[in-house]
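Number of protein chains: 2
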Amino acid sequence: MSDLARLSINQMTVRQLSLPELARTCVELGVPCVGLWREPVQEYGVGAAAGLVRDAGLRVSTLCRGGFLTATDPGAREAALADNRRAVDEAAALGTGTLVLVSGGLPAGSRDLRGARERVADALAELGPYAEGMGVRLAIEPLHPMYAADRCVVSTLAQALDLAERFPARQVGVAVDTYHVWWDDTAPARIARAGAAGRLHAFQLADWTTPLPAGVLNGRGRLGDGAIDMREWKGHMDAAGYTGAIEVELFSEELWAMDGREALARTAERFVTHVIR
Amino acid sequence: MSDLARLSINQMTVRQLSLPELARTCVELGVPCVGLWREPVQEYGVGAAAGLVRDAGLRVSTLCRGGFLTATDPGAREAALADNRRAVDEAAALGTGTLVLVSGGLPAGSRDLRGARERVADALAELGPYAEGMGVRLAIEPLHPMYAADRCVVSTLAQALDLAERFPARQVGVAVDTYHVWWDDTAPARIARAGAAGRLHAFQLADWTTPLPAGVLNGRGRLGDGAIDMREWKGHMDAAGYTGAIEVELFSEELWAMDGREALARTAERFVTHVIR
Numbered sequence: 001m002s003d004l005a006r007l008s009i010n011q012m013t014v015r016q017l018s019l020p021e022l023a024r025t026c027v028e029l030g031v032p033c034v035g036l037w038r039e040p041v042q043e044y045g046v047g048a049a050a051g052l053v054r055d056a057g058l059r060v061s062t063l064c065r066g067g068f069l070t071a072t073d074p075g076a077r078e079a080a081l082a083d084n085r086r087a088v089d090e091a092a093a094l095g096t097g098t099l100v101l102v103s104g105g106l107p108a109g110s111r112d113l114r115g116a117r118e119r120v121a122d123a124l125a126e127l128g129p130y131a132e133g134m135g136v137r138l139a140i141e142p143l144h145p146m147y148a149a150d151r152c153v154v155s156t157l158a159q160a161l162d163l164a165e166r167f168p169a170r171q172v173g174v175a176v177d178t179y180h181v182w183w184d185d186t187a188p189a190r191i192a193r194a195g196a197a198g199r200l201h202a203f204q205l206a207d208w209t210t211p212l213p214a215g216v217l218n219g220r221g222r223l224g225d226g227a228i229d230m231r232e233w234k235g236h237m238d239a240a241g242y243t244g245a246i247e248v249e250l251f252s253e254e255l256w257a258m259d260g261r262e263a264l265a266r267t268a269e270r271f272v273t274h275v276i277r
Numbered sequence: 001m002s003d004l005a006r007l008s009i010n011q012m013t014v015r016q017l018s019l020p021e022l023a024r025t026c027v028e029l030g031v032p033c034v035g036l037w038r039e040p041v042q043e044y045g046v047g048a049a050a051g052l053v054r055d056a057g058l059r060v061s062t063l064c065r066g067g068f069l070t071a072t073d074p075g076a077r078e079a080a081l082a083d084n085r086r087a088v089d090e091a092a093a094l095g096t097g098t099l100v101l102v103s104g105g106l107p108a109g110s111r112d113l114r115g116a117r118e119r120v121a122d123a124l125a126e127l128g129p130y131a132e133g134m135g136v137r138l139a140i141e142p143l144h145p146m147y148a149a150d151r152c153v154v155s156t157l158a159q160a161l162d163l164a165e166r167f168p169a170r171q172v173g174v175a176v177d178t179y180h181v182w183w184d185d186t187a188p189a190r191i192a193r194a195g196a197a198g199r200l201h202a203f204q205l206a207d208w209t210t211p212l213p214a215g216v217l218n219g220r221g222r223l224g225d226g227a228i229d230m231r232e233w234k235g236h237m238d239a240a241g242y243t244g245a246i247e248v249e250l251f252s253e254e255l256w257a258m259d260g261r262e263a264l265a266r267t268a269e270r271f272v273t274h275v276i277r
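First to last, the protein sequences are chains V and H.
Going by UniProt numbering, 205 is the number at position 205 of the first sequence; the sequence numbering is gapless.
Going by UniProt numbering, 271 is the number at position 271 of the second sequence; the sequence numbering is gapless.
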């Protein structure tokens, strides 16, 4: 098996590349799989994007992202559900079985984390059957606790799995991203439990480097530059029976400033060096 | 009982005040208690500082901070232990029964979180009996997971309590700071467990506001400005039997830019509004 057989490049990692450039570069470099984002796919056209990646012989590991399901306002809640049904449709059209969900933060002025997490569960109850009907699994992604207020009230793999386990595994599972869970000594046991139940729907890599930038969004480290032992986390996923794509998803000003092809080539090299070999 | 009876002002909250100014302002405003930091106390002189707060009739809730116990280098490790014994001595001299410990981050180039946490345990085995002999309890403070790499490998109250429970409660307990634990739905149960065992040695408050500043150190929110329900966390501590001081510890550029007396007065007002009444 090629060293790159399980690599998926998340589109955000090389956002300076257009969708056709991304597809062409992946083919040239032998990267077999991509993780796509809704906004650039919509801009290109969902059907056109689906045709592009299909014609290039690429697989689509995940579509990022649905979610943002914590609104209390009924109108906003209905709009979020409708948008997530569209995200499911887009995932199905792109031929990926996995839609990644980021749950959303606290509504303005709210301090009710528990209530927000329950609204995510309520939304999953509506979206899960719809997704199943379209052949798409929802992957709840816990984000690092530093995003709990403004982006994602689901902060740990335990919380994500607690939510997922209320629904059938063919509807709802979890996404494991090293950047978000690396500090959590209880995460490996949750990976094992999720794997046993068929709920490991996505695996993403980014390294943890400091100091964090203002806003803490775009400082994800390139593999090997930070504090995370990538092989150890891949080992947890292997042991849990996960055999799917391994996505590299870096939000990195450093990487975005590079030539896109170069950024993708270097990312693939680091994947081999720090994850596979 | 006065609304301020349980308030302690952590010195860092109004670091623009000298130690005499801090003591005088606390007395004027009816704040009965302070949390002190080693560096300004050493600068003023430990004995002089002890006399100053004693003569002002102030209690000292905690001394911040010892710790930084994760070094692998034997020399650095010995130096850290010696420094922590001095911190214990200083706490005893100041008349506080509690030394707050921040465990330290990963050594440069290391990715071994588990090993670093074990070295903290090894150090506690040496420091605990020494502290007990001096009448001082060590309070392990879990810091928010965003500090796991570079500041504190103990990221959750569960991890802190797992460490503390290896030692007698009269030697080692935990410090609970809302800023660090507010996102963690498993923290309330750990507070209850720590309280039942007499291991709740300190309680600190800061609010969570976003966006976080670069470096994520000095953006702690003033009480009431952020996502944390202060009354809820005080309720957890109350239910666990904690009756000690409630320290307000804000690292805030905004607060530091204010007149120190004004900053302290406004902080006391917010304590009453958002915690007590």
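Where is the CB? At the ideal position from N, CA and C, for every residue including glycine.
Proximity test, Cβ basis, 8 Å: residue i and chain V
i	result
H/Trp233	no
H/Met237	no
H/Ala194	no
H/Asp229	yes
H/Asp122	no
H/Asp185	yes
Residue i at chain H interface by Cβ criterion, 8 Å
i	result
V/Ser155	yes
V/Ile9	no
V/Asp177	no
V/Gly224	no
V/Val31	no
V/Thr70	no
V/Ala214	yes
V/Arg277	no
Helix, strand or coil at residue i according to DSSP, with G and I counted as helix
i	result
V/Ile276	helix
H/Trp183	coil
H/Leu7	strand
H/Leu58	coil
V/Asp73	coil
V/Leu36	strand
V/Asp89	helix
V/Gly30	coil
H/Arg117	helix
H/Arg270	helix
H/Gly128	helix
residue 289 of chain H	With chain H running from 1 to 277 in the structure shown, residue 289 of chain H is simply not present.
Strand pairing of residue i, partner residues [DSSP]
i	result
V/Thr98	V/Arg137
H/Ala175	H/Ala202
V/Ile246	V/Leu7
H/Asp207	H/Gly221
H/Gly67	H/Val102
V/Ser252	V/Gly219
Close Cβ partners of residue i (< 8 Å) along its chain, the five nearest in sequence each way excluded
i	result
H/Glu132	Pro168, Arg170 and Gln171
H/Ile9	Leu22, Cys26, Val31, Cys33, Val34, Gly35, Glu247, Val248, Leu264, Thr267 and Ala268
V/Gln42	Glu90
H/Thr186	Thr156, Leu157 and Ala158
H/Arg65	Trp37, Arg38, Ala87, Leu99, Val100, Leu101, Val102 and Glu141
V/Leu217	Phe251
H/Leu200	Gly173, Val174, Val176, Ile191, Ala194, Met237, Ala240, Gly241, Tyr242 and Gly244
H/Leu113	Leu106, Ala148 and Val153
V/Ala121	Leu163 and Arg166
Neighbourhood of residue i by C-beta, 7 Å cutoff - its chain only, sequence neighbours within 5 removed
i	result
H/Gly221	Ala206, Asp207, Trp208 and Thr209
V/Ile2	The residue you asked about is not Ile; residue 2 of chain V is Ser in the sequence shown. Within the same chain, V/Ser2 has close Cβ partners Gly30.
H/Ile228	Thr178, Trp182, Asp207 and Trp208
V/Arg270	Arg222, Leu223 and Gly224
H/Asp150	Gly105
Other residues of its chain near residue i: CB distance less than 6 Å, five sequence neighbours each side excluded
i	result
H/Gln204	Asp177, Glu247 and Glu249
H/Glu232	none
H/Ala50	Ala93 and Leu94
H/Gly57	none
V/Leu255	Ala263
task = For the stretch 239–263 of chain H, enumerate the residues whose C-beta is nearer than 9 Å to any C-beta of chain V, in chain order.
result = Going along the stretch 239–263 of chain H in chain order, one finds no residue with a Cβ nearer than 9 Å to chain V.
task = May I ask you to list, following chain order, the residues of the stretch 32–56 of chain V that have a beta carbon less than 7 Å from some beta carbon of chain H?
result = Nothing from the stretch 32–56 of chain V brings a Cβ to less than 7 Å from some Cβ of chain H.
inquiry  = Can you pull out the residues from the stretch 82–107 of chain V whose beta carbon lies closer than 9 Å to at least one beta carbon of chain H?
reply    = Per Cβ criterion, the list reads Gly105 and Leu106.
query = Closer than 7 Å, Cβ to any Cβ of chain V: which residues of the stretch 143–175 of chain H, in chain order?
reply = Residues passing the 7 Å Cβ filter: His144, Pro145, Met146, Ala148, Ala149, Asp150, Ser155 and Gln159.
query = Taking Cβ-Cβ distances below 7 Å as the criterion, which residues of the stretch 199–210 of chain H are in contact with chain V?
reply = The residues in question are Trp208 and Thr210.
Chain V contacts from the stretch 108–141 of chain H (Cβ-Cβ distance under 9 Å) = Taken in chain order, the members of the stretch 108–141 of chain H whose beta-carbon sits within less than 9 Å of a beta-carbon on chain V are Ser110, Arg111, Asp112, Leu113, Arg114 and Arg117.
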